[in-house]
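Line by line, the protein sequences are chains F and S. Mapping to the numbering used here: the first sequence position 54 is 218, numbers consecutive. Mapping to the numbering used here: the second sequence position 69 is 181, numbers consecutive. Glycine residues also receive a C-beta, built at the ideal position from the N, C-alpha and C atoms. Because the structure is a prediction, the values reported are computed rather than measured.
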Amino acid sequence: MTRKAFVYDAVRSPRGRGKPDGGLHSVTSVSLAAQMLEAVRDRNDLDTALVDDVVFGCVDAVGEQGGVITRTAVLRAGYDSGVAGVQVNRFCGSGLEACSIAAAKVVSGEAELAIGGGVASMSRVPMGIEGGAIATDPTSMFDNYTLPQGVAADLLATLDGRSREDVDSYAAESQRRAANAWKDGRFARSIVPVKDDVGMIALDHDEHVRGDTTVETLAKLKPSFAQIGEMLFDGVARQRYPQIDRISHIHHPGNSAGIVDGAAAVLIGSAEAGERAGLKPRGILRGAASIGSEPALMLSGPAAVVEKLLRAQRLAPSDIDIFELNEAFAAVVLRMMSALNIPHEKMNVNGGAIAMGHPLGATGAMLVGTVLDELERTGKEFGVVALCVGAGMGTAALVQRV
Amino acid sequence: MNNWRVEVDGEGVALVTFDMAGRKVNTLNAEVISEFTSIVERIRSDDAIKGVVIASAKAGSFCAGGDLGDIESFAGPGEPGKEAETLAHDIERMTKDLTLFRGLETSGKPVACAIEGTTLGGGAELAMACHYRVAADNEHVVLGLPEGGLGLLPGGGGTQRLPRLVGIRESLPILLDGATKTAAEALAIGLINEIVPTGQTVDRARAWVLSSPEAVQPWDKPKFQVPGGGPYVQANSEAIAMHTALSRVKFYDNYPAQRHILAALYEGIQVPIDAGLRIEMHEFIKTVRTPQALAMIRTLFLSPREIKSGVNRPAGHPVRTFKKAAVLGAGLMGAGIACVQAKMGIETVLIDRTPEAADRGKAYTAKYLGKQVSRGRMTQEKADVILARILPTTDYADVQGSDIVIEAVFEDRDVKADVTRLAEAQLGEDAIMATNTSTLPITGLATASVRPENFIGLHFFSPVERMDLVEIIRGERTSDAALAAAYDYIAAIRKTPISVKDSRGFYTSRTITRYLDEPCEMLIEGIAPTIIENIGLMTGMPVGPLSLPDAIGLELSYHVAAQTKRDLGDAYQETASDTVLDFLVAKHGRHGRRNGKGFYDYSDDGKVKTLWSGLSELAEPVMTDAFSDDVKTELKKRILYRMTLEAARCMEEGVISDPREADVGAVLGFGFPRWTGGPISLIEQVGVAKFVKECDALADRHGERFRPGQMLRTMAADGRTFY
Chain F
165 MTRKAFVYDA
175 VRSPRGRGKP
185 DGGLHSVTSV
195 SLAAQMLEAV
205 RDRNDLDTAL
215 VDDVVFGCVD
225 AVGEQGGVIT
235 RTAVLRAGYD
245 SGVAGVQVNR
255 FCGSGLEACS
265 IAAAKVVSGE
275 AELAIGGGVA
285 SMSRVPMGIE
295 GGAIATDPTS
305 MFDNYTLPQG
315 VAADLLATLD
325 GRSREDVDSY
335 AAESQRRAAN
345 AWKDGRFARS
355 IVPVKDDVGM
365 IALDHDEHVR
375 GDTTVETLAK
385 LKPSFAQIGE
395 MLFDGVARQR
405 YPQIDRISHI
415 HHPGNSAGIV
425 DGAAAVLIGS
435 AEAGERAGLK
445 PRGILRGAAS
455 IGSEPALMLS
465 GPAAVVEKLL
475 RAQRLAPSDI
485 DIFELNEAFA
495 AVVLRMMSAL
505 NIPHEKMNVN
515 GGAIAMGHPL
525 GATGAMLVGT
535 VLDELERTGK
545 EFGVVALCVG
555 AGMGTAALVQ
565 RV
Chain S
113 MNNWRVEVDG
123 EGVALVTFDM
133 AGRKVNTLNA
143 EVISEFTSIV
153 ERIRSDDAIK
163 GVVIASAKAG
173 SFCAGGDLGD
183 IESFAGPGEP
193 GKEAETLAHD
203 IERMTKDLTL
213 FRGLETSGKP
223 VACAIEGTTL
233 GGGAELAMAC
243 HYRVAADNEH
253 VVLGLPEGGL
263 GLLPGGGGTQ
273 RLPRLVGIRE
283 SLPILLDGAT
293 KTAAEALAIG
303 LINEIVPTGQ
313 TVDRARAWVL
323 SSPEAVQPWD
333 KPKFQVPGGG
343 PYVQANSEAI
353 AMHTALSRVK
363 FYDNYPAQRH
373 ILAALYEGIQ
383 VPIDAGLRIE
393 MHEFIKTVRT
403 PQALAMIRTL
413 FLSPREIKSG
423 VNRPAGHPVR
433 TFKKAAVLGA
443 GLMGAGIACV
453 QAKMGIETVL
463 IDRTPEAADR
473 GKAYTAKYLG
483 KQVSRGRMTQ
493 EKADVILARI
503 LPTTDYADVQ
513 GSDIVIEAVF
523 EDRDVKADVT
533 RLAEAQLGED
543 AIMATNTSTL
553 PITGLATASV
563 RPENFIGLHF
573 FSPVERMDLV
583 EIIRGERTSD
593 AALAAAYDYI
603 AAIRKTPISV
613 KDSRGFYTSR
623 TITRYLDEPC
633 EMLIEGIAPT
643 IIENIGLMTG
653 MPVGPLSLPD
663 AIGLELSYHV
673 AAQTKRDLGD
683 AYQETASDTV
693 LDFLVAKHGR
703 HGRRNGKGFY
713 DYSDDGKVKT
723 LWSGLSELAE
733 PVMTDAFSDD
743 VKTELKKRIL
753 YRMTLEAARC
763 MEEGVISDPR
773 EADVGAVLGF
783 GFPRWTGGPI
793 SLIEQVGVAK
803 FVKECDALAD
813 RHGERFRPGQ
823 MLRTMAADGR
833 TFY
C-alpha cells in the first residue's frame, strides 16, 4: 500500500507589519522560525529525535536568513541535534513547496516524520536583497521580457479586462473576511503568539488587517506601478503582448499582498510514525504539483497548476470545497476564479494576503494550516492551496481532512 | 612608420604622436595597429624608455575610432560551411588586438595620454589603456564609445576598462547608447584624471610620467574593487535591469550588439581583467559575425561615404561650384532648402508670391539658427552671417546669376510650369533648373523648360535640414552634364544623393507606400489595429504604420491615389489602402492628425491618441492575440517584405540601379529599419534563395502581392547576390 503523508499539526506566527515599527521587527528570523518548531514540539509533546528532517521555505536566504537557516533554527529550538534542516526557494511558493517536499520524503519512505514550513522576516531582510540572475543577467532579461512583478500584475489585469473597481471590490472583501475570521476565532488553532527575548508576547495578531476597508477608501490609493510602467516597462510588455495598447495600472498597496514578517511549521508523517508518537492525524497532503508559466506575465500559473494537480488526483474543481490561493495581487485571484469557474464563496473564505500579508517564504505553509482549520470548522473534505510564483511558476497542493 | 612618431627625450620619456599621413583625423586601421604594435614592443623592451606620453598631431582630434572598412572585411557570418575556420581566424586576429593594449598597460612603465580633441571608439579605448589621461579644456574634447548605438560593440577593452574606471551605472548609457562626455563630464565620473588649458596636455602628461615611476592600472592591483561595486550591488542590478528594458523599448531587440554589450559588461566585470577582455572579445566576434552588423556597417557608413564621393556621378564633367542659388516657393520645403543652402555658404534667393510669404520662409531659418545658438552649437555671429545669405523676394530679376534654381512650389503642373518659365528667363546657359517634386514625372515637367537638358528633379525630404537624402530624378532629356552638376550641388549642401529613374513615386515614395498597404490588408483581414501598430514598430520602423499616414495626412494619400487612378485608368490596380482610405476619408471624413481624426482619435491638444473604435466596421477583429513568436514573425515579415519586394522591383525595373543607393535611400529617406541595412541588404541577410522561398510561401498564404519577380528568381537560381 502506498504510504500517505498525514498532517499532524500546523502552526503559524501572527504576521507583523514588515517595517521597523512592525510587531516582529525586533525578533530575529532564526528566533521566529525556532518558535514555530518549539510550538510543534510542545503542543504535541513530541520527541524531536523522531523527526528526520525539517524543510523550510526561505526566499532571500542571505544575511541572517542565509546559511541554511532551518538547521540553525532546529538547533535554536533545542531539537535533538540529530534532526537535519534544509531551506528551499520557490519564491512565493516556498512555504508550500517545503511542505510538499516534507510530504514526499514521508511518502517515499525517506522520512517517517518531517516538518515543512517557512520563514520570512521581510522587515529585517528586505525583499529581493539576494539578487539573482533572473533580474540582473541581461541575457535572461532580454529572453524573458522581464517585467517588475507589479507591472506584470497590471498586465494580467489588462489582458483580462479588469477594472480598478473589480480589483478593489475583491480587496475590500478580503479585508472584511479576514477581520471577520479573526473576530470569529477561526485562526485560533494555528496561531502561535511570538515572544520576545524575555518571554513577553511580542505579537499575537495579524497587524496588517484593516477590516474597515471599502472600495471607496481604496479608490484614494495611487497605483504603485504606473510610473515605472509608463516610463519604461509597459513598452516591454507591449512587445511580448502586441495586442496591448495601454496597460491599466490598477494595483496598489490596498489590493496587493502586504509585506509582513512571519513563520509557519507543519508536522507531517507516516501513519505508523504518528501512532508511535501518539499523534492524531488531522489531514492528508494528497499530492502536489508545480508548473512553469509565461515568465513575463509571471502570475498566470495558478489555474494551470491546479488543473494539473486535480487531473493527477482525478478530481474536478467542483469537487473541491475550498481554495486558498495566495492573494499576491487581486487580479491573480480573479483570473483563477474565472478560469476554473470557482465561486467566490469557495475562494479564500477567511481573507488572504491582501488583508493579512504575505511573508514570502512562509505563506504557503501558513495556508496549509488555514485550509485544515477551515475544513475542520465546516466539516468539509477537500481543500486546495495554490500560489503564483515569480519568474512564471505556480505551485499547488491538495489537502484532505481526516 | 606612416602613422606614428616616437621621440624619446633626455629624461627617457617617449612622446608617441599619432599622426596619420594625409588624413585630417586619426583612425585605427590595420596599418596603424601594426605600427603601434611595434611601438608597444619597443616600449616594453627599450630600457632607455622610462615612460610614455601618447598624443595626437591632429587639431581637435585625438582619434575618431576604428576604421569600419577594416571591420567590414571580416563582418558577417562568413562563407557557409567555413564558419568554424573563420571563427578561429577571428579569435586569433582579435587576440592580437587584445594583447596590444594589455601589453601597453602592463609594460611596467607609466603611460599617460594627452587628449586635445575627439576621442571616440578605439581612440577612447586606447586612452583607457593608459595609466593617466589629461584632457584639454576645450569643446573639441568629447569622449565616448559610439559603437553600441551603431549596432557594434567596443572590442578594444571598452566594455571592460570603462566600468572598471567609472563603475557600472555610468558605463551603461555610454556603452549602450553611445552617450558622449565632455572633458568636464569625463573628469566628474573618473574617465579622465585631469583637465588643463589647451596646448598643455603633453607637458602635463609628461610631468605626471616623470613623477610616477610606478604604473599599474587599478584593475591590476591586488584587492581591486570596481567603483560602485559589481552587478549585484542593488543599485547596479537595478540599473542593468532598467537599461536592458530601455534597450528593448528603443531597439526592439533588433540589434544583436545591445545584448552582447550587456553580456560583456555583466559577465566581464565579475572576473579578472584578462578573463573579462576575453569575454568581450567573444561578444565582439559574435556581434561582428551577425548579418546585421555587416549590413549596418555597410549601409550606415561605407555606402554613404562611397555614394558621396561620387561613384555614380557621370565622369568627365568638371566639378561645378555653387555660389548663388534660387529657391522658388517659400513653403516648408523651399524654406528648408534655403536654410541648408545658406548654412553651406550659398547665397540664396528665396522667392514667393508675396513679400510676407517670402519673409516667412526666411523666418524658418532664423528660428532654426536661433535654436542652434541657444543650444550652444553656434555663435550668434555665425548665425547672423548665415541668415544674411538669404534674400527673400518676389522679384524674379533677383534670380539672375544663380548657378541653380530649385523649384519647390505647390504640386501642380501649371504652377510649376509658370515659375519655371519665369526663372529660366533670368538664367544663364549652364544654370541648372531643378524641381523638387515627390510625385510628378520630371519628363512632363521638363516640357515647360526652354533647356530640358538642364532640367532635373531633386526630391528633398522634410524637414530638409535634418533629412540627409536627396533623390535625383533624371528626365528623358536631362544631360549627363546636368546630372553631374546635380551631384555637385548635393555635395555642396552635404547631402547624400541617390539617382533614380523618372517613374511614378520614384524610389522612396513608391517603396514606403507598401508600409501603408500591407497594414491595410491586415486591417481588412481582421487583425486588431493595436497588433498591427505594435508589430510595425517592432520591425524597427520609426513610426507605426497607422500613425504615419495620420501624420502625413490621409487626405493627401487619398488624393495622390485618386490622381494615380486617373492617370493610369484601367491599368490601375486597386490596393487595400484604397479601400481603407476610401472608408476613412470619403465615408467618414477622417483626414488624419490635422482634423483630429484618422486611424486614431486625437485629443484637442493632439497629445493623446486612441485607436478609433470605428475601424472595426472595416472588419471585426479576428486576431486579438499576438503573443506567439510565430505570429509575430509572420506579421513582421509581411510588413518588411512588402517594402523589400517593392525595392527589389525598383531594382528590376531600373528605377534604381545601385544596391547601395537603394539601401541608403530607404534608410535615410523613410527610416527603413537600420538593423536591416536597407531592403536590399535585408534580402542578402536572409539569403536571396531563402528570401524567394519565404516570399513564395507568403504569397501562397496571403496573396500574389508577395510573389517575387523574375530578377530575384534568377539571382536565387544562379546563386548571385546584390553586393
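Asked                                                                                                                          : Found
Cross-strand partners of Gln251/F (DSSP beta bridge)                                                                           : Phe220/F
Proximity test, Ser190/F beta-carbon vs the ligand COA heavy atom, cut-off 7 Å                                                 : The ligand COA is not part of the structure shown, which contains no ligands of any sort.
Where the stretch 396 to 409 of chain S meets chain F: residues whose CB sits under 9 Å from a CB there                        : none
Identity of the residue in Leu443/F, Leu498/F and Asp483/F nearest Asp209/F by Cα                                              : Leu443/F
For Ile373/S and Glu184/S, believed in contact at Cβ under 8 Å, the rounded distance                                           : About 20 Å; that fails the 8 Å criterion.
Contacts of Phe306/F in chain S (Cβ-Cβ under 7 Å)                                                                              : Thr356, Arg360, Asp365 and Arg371
Neighbouring residues, chain F, relative to Thr642/S (Cβ below 8 Å)                                                            : Pro406, Gln407, Ile408 and Asp409
Ser454/F, enclosing beta strand (DSSP E) - first and last residue                                                              : Gly447 to Gly456
Tyr627/S vs Met653/S beta-carbon contact at 8 Å                                                                                : yes
Residues bridged to Met511/F (per DSSP)                                                                                        : Phe487/F
Ranges of the alpha helix (DSSP H) found wholly within the stretch 140 to 198 of chain S, counting only runs of at least 4     : 142 to 157 and 180 to 184
Length of the line joining the Cα atoms of Val379/F and His372/F                                                               : 17 Å
Residues near Val252/F in its chain [Cβ-Cβ closer than 7 Å; skip 5 each side]                                                  : Val219, Gly221, Ser258, Glu261, Ala262 and Ile265
Own chain partners of Cys256/F with C-beta closer than 8 Å, once the 5 adjacent residues on each side are dropped              : Val223, Asn490, Ala492, His522, Leu524, Thr527, Gly528, Leu551, Cys552, Val553 and Gly554
Residue-level contact to chain S via CB, Leu277/F, 8 Å cutoff                                                                  : no
7 Å Cβ cut-off: residues of chain S touching Gly295/F                                                                          : Tyr344 and Ser349
Rounded distance between the beta-carbons of Ile516/S and Ala543/S, thought under 8 Å                                          : 6 Å
Under 8 Å from the C-beta of Thr139/S: neighbouring residues of chain F                                                        : Ordered by position in chain F, no residue passes the 8 Å Cβ test against Thr139/S, which lies about 30 Å from the chain.
Alpha-carbon spacing of Gln313/F relative to Ile411/F, whole angstroms                                                         : 14 Å
Beta carbon of Ala225/F nearer than 8 Å to that of Ala197/F                                                                    : no
Segment contact flag, the stretch 213 to 220 of chain S with the stretch 303 to 323 of chain S, C-beta cutoff 8 Å, min 3 pairs : no
Boundaries (first-last residue) of the beta strand (DSSP E) holding Trp116/S                                                   : Trp116 to Val120
At least 3 beta-carbon pairs within less than 8 Å: the stretch 287 to 298 of chain F vs the stretch 131 to 148 of chain S      : no
Alpha-carbon spacing of Pro330/S relative to Gly234/S, whole angstroms                                                         : 20 Å
Contact set between Leu658/S and chain F, taken where Cβ atoms lie within less than 7 Å                                        : None at all; the shortest Cβ gap to chain F is about 11 Å.
Neighbourhood of Val331/F by C-beta distance below 8 Å, restricted to the same chain and skipping five residues each side      : Ala321, Ile414, His415, Asn419, Phe493, Ala494, Ala495 and Leu498
Neighbour flag for Pro302/F against chain S, beta carbons, 8 Å                                                                 : yes
Any C-beta of chain S under 8 Å from that of Phe397/F                                                                          : yes
Helix, strand or coil at Val246/S [DSSP, three-state]                                                                          : strand
Ala239/S - containing beta strand (DSSP E), residue span                                                                       : Taken as a continuous stretch (DSSP letters only), Ala239/S belongs to no beta strand (DSSP E), being part of the alpha helix (DSSP H) at Gly234 to Met240.
Cutoff 8 Å: Arg402/F Cβ touching any chain S Cβ                                                                                : yes
Where the alpha helix (DSSP H) through Thr542/F begins and ends                                                                : Thr527 to Thr542
Cβ of Thr736/S within 8 Å of any chain F Cβ                                                                                    : yes
Ile448/F versus Phe389/F: straight-line alpha-carbon distance, rounded                                                         : 40 Å
Option in Ala495/S, Thr491/S, Leu539/S and Leu680/S with minimal Cα separation from Tyr836/S                                   : Absent from the model: residue 836/S. The displayed extent of chain S is 113 to 835, so no value can be given.
Among Thr722/S, Thr411/S and Pro553/S, nearest to Gln675/S - alpha-carbon criterion                                            : Pro553/S
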